[in-house]
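J.:
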Amino acid sequence: MANRKFKLPGVEDLNKDQDKVLRLPKDGQFLIVGAPGTGKSVVALLRMLKYKDDSDYIFLVYNKVLEASTKQLVKGGLNSKTWMSWFYTIIRKTINGQVPKASGYAPDYEKIISLLEDLEVEEMSLHIIVDEGQDMPVKFYESLLCLGLENFFVVADQNQQLTKEHSNRPEITNALGLETSEVIELKQNYRNSYGIACLSQYFYTDPSSPLPDLPSPTKKSLMTPVLYEYQESTFNRKLISFILKKADRDPKWLIGIIVPNNVVMDKYVQALKQVDIKLDHPKPVISTYKANENITIDFSTGGIVVLNAQSVKGLEFDIVFIADIDQFRVYNNDLDSMKKQFYVMVSRAMKQIVLLKQMDRNCSVESILPNDETILKRIKESHD
Amino acid sequence: MTNLSEPEVGQKKWFCATNTENMRNIIAQGLITEPAGFTKYYTDVLEIHNGYIPLFKDAVPSDILEKSISEVDGLKLCIIEFSIDNIQGLVHAWGRPLSDGLLTEEQLFSFDLKQLIEQDVDTLFIPTPLPTACIKNIIFPSKDDRNSFEKDAGIYSNVPLTDLNLKIDVKLFSKGASAEYLQKLRLPEKAVISYPEVYSFGGMLAALFYFAKNGVVSNNVYHSICDSTDMTDIVDIDIRLIAHYFQKDTSLASERSKMYHGLLNVIVNGKDVKENIIEFLENLDNFDVDKSKNRAQQLSKTLLKFESITEKTASEQFHDAKTPLEKMLLMLFLRESVEDLMEYSIDEFEELDYLLFAMVFGVRDKFIKIPKFLREFKNLQMYITAKMAAYAHQSKGSNIKFSNSSELVQPLTLVDMFERNDFKIWFANKQPKINNCLKTTIKIPNGSYVLNSTGSGLEIIFDGEPRKPKTEVIDAVFYRAIWTKNCEPYNKYLAQYNKMK
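Line order of the protein sequences matches chains A and B. If you're matching positions, the first sequence starts at 168 in this note's numbering and goes up one per residue. If you're matching positions, the second sequence starts at -17 in this note's numbering and goes up one per residue.
Below you can see the structure in the form of structure tokens.
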């Protein structure tokens, strides 16, 4: 299997804003904001690599999939945890007892803050780097301050809020008491090709912040995003063969198939494992993850990963297929939430994005898709 | 006027200042250039006289130090000490020139650098670019600054500090004289250099150096291009057409050469190379005759199909390719970097295919994107940066040249080392071993012999003593194995070669 790893950037790959972030001092509180693909997570990882040997550091991520991906791609003992499990551990240790809960697994931040204030904990030298910081509630940050933490480096994009208890830029700024110079905005999109960036921008919903900059356009767009309607009868022979051959082009590529539900997930996984065609390289590894299962995906090798929409946050793939979009459901006519979900899914792709729809099916997300063929090209599979 | 009685040449040191951001960029790109040669530039002394690098004698004026960190907060200073012994040619200077055996008033003047010993110079203005091979030391004001620069280099893919000396000298950073005169000087305007072309040339040389391992033809092409010798040595026309692009040879004005020239222009200067190639092929004004127009259209269709629809596997597509040019373009669409190319092989490829790919991938990636491990090959990056600088000066008609010195040793390619048969045999036996490529002849005296089978093979018993066995390498088998062999441990191979010498 071909190995993948976190690729260090070249000097020329970073712009002056990113340089500025990397020059920030080791101690202090900083917020880095930017749209997907602007390199927020990259600068966070570089900061970690830069300081990890001479400071006590923890890299907090949103979910287990992202934790696995980060740990596997960055070699050399990255101290990374999911934010919630880390939070529970440190609070339990500090208060020497059970962590108060509000509902379900959610902590009762008010009670936690009150307990910590009573304890008058001493300052901690720990440096915290938070990825996807918009998905943690503002009370989480307030709790950390009560824990005596002083060194924060938070990267966030409020247009990617997928959780109910999220925080926005002014809230994080106020909670951490940041000066203007301690908030840096990254604007340039490095991850997505022009076509992908145009499509993801179509799903942008945040009225309070400007649209992220697009990569420079090209006269000839080779990879215009595609909405491909396939026939169920030729699913294995055509569509699945197409995906396998695409993956075969470069065994280092990580192909993401993002699915709306577990039924669709099983359908794709089964077909990808079953179909046997002639390829240049050994058949790509097909892996998947469902909530509450152990993560068996190896992000350090190429292959095809089938994941649901909630698990892909923060990840990036060479090519993304959003499978069976006709199966995504819009609840309470909340098109904004669906747009946010598509914004996150589309912006995971670096080189190519293909939306898949089963032919002749009703599609409730159709109304949020662009009709402009220069943004989303529509292709119907031909009948044999 | 002063009498020229006390030459102080021995003590002269030449310095220039910049910030650590620019310094990293200089190391990554391999050249010290005017601002236009940087992919990302922060204000410093290089923008005062476009096309010249001011070198200050013994100390950098304080206003120049300040300018180096003036663009944004948080920039850090460093000073470059230059080694100018291997630079030859006409330079400008601020100081007191020698006239009739006497030194005159301070003024701007020009002279051949080999006469430096006779002049009293405060500031030298050397035409850009200079290679990183001319950097003697990079100097920092404190240990913390030096350590932090070293550490930061590790978070980039293209800042290898190999062959560079990092030093500390706080005194050099103390406030001193200013260089107000610098702004007032009027230096002659310099011809514009096409830096993308210069960096492409460097990228091509580096890629060629690596792929020179593939055989004698590849090795000869590498040396011919390095030495700028007569390209008629290069038999393969496709390879020769790429080499000619950098030789500025317009004598081959065939339709094929125009196709290569146009494509190379796009690959050298384009930002989105794939899109730019398609644009070029689809613009029929780029071609004179119908046959070329049709061919270009066909190529464009093939590439578009290859990129979007995946009906064939890559090897099937290469199998169907009609010409080396088509294969080359397909490979440019298939793999994104020289590093990826090094890992790609299919049985169908021959030495010339890899050679063609190596050249064009080096051209596309340029020196800045050459894999770090390759730049860490002993003497390689210093040698190539000097070649790039020489190419830039030659292409703009400057008379600046770089002579060979201890810092500019031409690195040996693997095939150069294979000239020693014992090294070649050692290499064939090195893990992972190249199987079936060695043939040994043992000449035994006339007479009868006995052949016994033993646990570990066969033994032959005869009367008398054989001549020394002769082991040869079967090149066809040996090199075919090397085409797909990773030669990253070059420095270890070189150490072994030197041990055997």
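Glycine included, each C-beta is placed from N, C-alpha and C at the ideal position. None of these values were measured; they are calculated from a predicted model.
1. Could you name the residues of the same chain whose beta carbon sits closer than 6 Å to that of A:S292, not counting the 5 residues immediately before and after it, in chain order?
2. So is A:G177 in contact with chain B if we call contact Cβ pairs under 7 Å?
3. Here's the rule I'm using: 16 or more other beta-carbon atoms within 10 Å means buried, otherwise exposed. How should B:N(-15) be labelled?
4. For B:I221, which residues of its own chain have a beta-carbon under 8 Å away from its beta-carbon, when the five flanking residues on both sides are left out?
5. Roughly how many angstroms lie between the CA atoms of B:K484 and B:E48, to the nearest whole one?
6. To test your reading of the DSSP string, which unbroken alpha helix (DSSP H) runs of 4 or more residues are found completely within the segment 65 to 137 of chain B?
7. For B:I443, count neighbouring C-beta atoms within 10 Å of its own C-beta (all shown protein chains included) and say buried if the count is 16 or more, exposed if not.
8. Against A:K217, what residues of chain B qualify as contacts under a CB-to-CB distance less than 7 Å, listed in chain order?
9. What does a CB cutoff of less than 6 Å around B:V(-9) pick up in its chain, not counting 5 residues either side in sequence?
10. Could you tell me how far apart the beta carbons of B:S65 and B:A(-1) are, in whole angstroms, since I believe they sit closer than 8 Å?
11. Give the list of continuous alpha helix (DSSP H) stretches no shorter than 4 residues that lie fully inside the segment 238 to 281 of chain A.
12. Quick one: does A:D223 have its CB under 7 Å from some CB of chain B?
13. Whole-angstrom Cβ separation of A:I424 and A:I363, contact assumed at under 8 Å?
14. Quick one: measure Cβ to Cβ for B:E3 and A:D503, integer angstroms, because I've assumed they're closer than 8 Å.
15. Given a threshold of 16 other Cβ atoms within 10 Å of its Cβ, counted over all protein chains shown, does A:L523 qualify as buried or as exposed?
16. How would you list, in chain order, the residues of chain B whose beta-carbon sits under 7 Å from the beta-carbon of A:T385?
17. Which chain C residues are close to B:R6, counting only those with a beta carbon under 8 Å from its beta carbon?
18. Hey, which unbroken runs of the alpha helix (DSSP H) at 4 residues or more fall wholly within the segment 381 to 433 of chain A?
19. Considering only their Cβ atoms, is the gap separating B:I407 from B:A463 smaller than 7 Å?
20. For the alpha helix (DSSP H) that B:S206 lies in, which residues bound it at each end?
21. Look at the alpha carbon of A:V241 and the alpha carbon of A:S467, and state the distance between them as a whole number of angstroms.
22. Hey, would you say A:R336 sits closer than 7 Å to A:V178, going by beta carbons?
23. Using only the alpha-carbon positions, how far apart do B:F91 and B:G19 sit?
24. Please classify B:L250: is it buried, with 16 or more other beta-carbons within 10 angstroms of its beta-carbon, or exposed?
25. Take B:R168 and list the residues in its own chain whose beta-carbon comes closer than 8 Å to its own, dropping the five residues that flank it on each side.
26. Given B:S(-13), which residues of its chain have a CB within under 6 Å of its CB, disregarding the five upstream and five downstream residues?
27. So, does the CB of B:I350 fall closer than 7 Å to a CB anywhere in chain A?
28. With respect to the beta strand (DSSP E) encompassing A:Q525, which residues constitute its N-terminal and C-terminal limits?
29. Under 8 Å Cβ-Cβ, which residues of chain B neighbour A:L213?
30. If you compare alpha carbons, which of A:K278, A:Y255, A:F319, A:V521 is closest to A:P192?
31. Round the Cβ separation of A:L233 and A:L482 to the nearest angstrom and send it over; I've been treating them as touching at under 8 Å.
32. So is A:K445 buried or exposed if we call it buried at 16+ other beta carbons inside 10 Å?
33. Considering A:S334, what are the terminal residues of the alpha helix (DSSP H) in which it resides?
34. Distance, Cα to Cα, B:M(-17) vs B:F131?
35. Tell me the DSSP bridge mates of A:L227?
36. Which runs of the beta strand (DSSP E) spanning at least 3 residues fall entirely within the segment 413 to 464 of chain B, listed in chain order?
T.: According to the data block:
1. D223
2. yes
3. Any answer about B:N(-15) is weak, because its pLDDT of 40 lies below 50 and its placement is not dependable; what the coordinates show is given next. By the neighbour-count rule (16 or more Cβ atoms within 10 Å), B:N(-15) is not buried but exposed.
4. V203, L334, L337, L338, M341
5. Any question about residue 484 of chain B goes unanswered here, given that chain B covers just -17 to 483.
6. 125 to 135
7. exposed
8. K133, D134, I137
9. Only weak support exists for where B:V(-9) lies, its pLDDT of 44 falling under 50; the value from the coordinates is given anyway. Taken in chain order, the residues that qualify are I99.
10. About 17 Å; that fails the 8 Å criterion.
11. 250 to 262
12. no
13. Not a contact, Cβ separation roughly 16 Å.
14. Incorrect: roughly 41 Å between the Cβ atoms, too far for contact.
15. buried
16. D254, E257
17. Reference to chain C is not applicable here, since the protein chains of this structure are A and B.
18. 408 to 415
19. no
20. 198 to 208
21. 9 Å
22. no
23. 26 Å
24. According to the sequence provided, residue 250 of chain B is Val. The question's Leu does not apply to it. Looking at its Cβ environment, which holds 16 or more other Cβ atoms inside 10 Å, B:V250 is buried.
25. L90
26. Residue placement at B:S(-13) cannot be trusted, given a pLDDT of 38 that sits under 50; what the coordinates show is reported in the next sentence. Within the same chain, B:S(-13) has no close Cβ partners at all.
27. yes
28. 516 to 525
29. I137
30. A:F319
31. 6 Å
32. exposed
33. Counting along the chain, A:S334 falls outside any alpha helix (DSSP H), and DSSP gives it neither H nor E.
34. Legend: pLDDT at B:M(-17) = 39, less than 50; position of this residue unreliable, no value from coordinates given.
35. A:K248, A:V297
36. 420 to 423, 431 to 436, 439 to 444, 452 to 455
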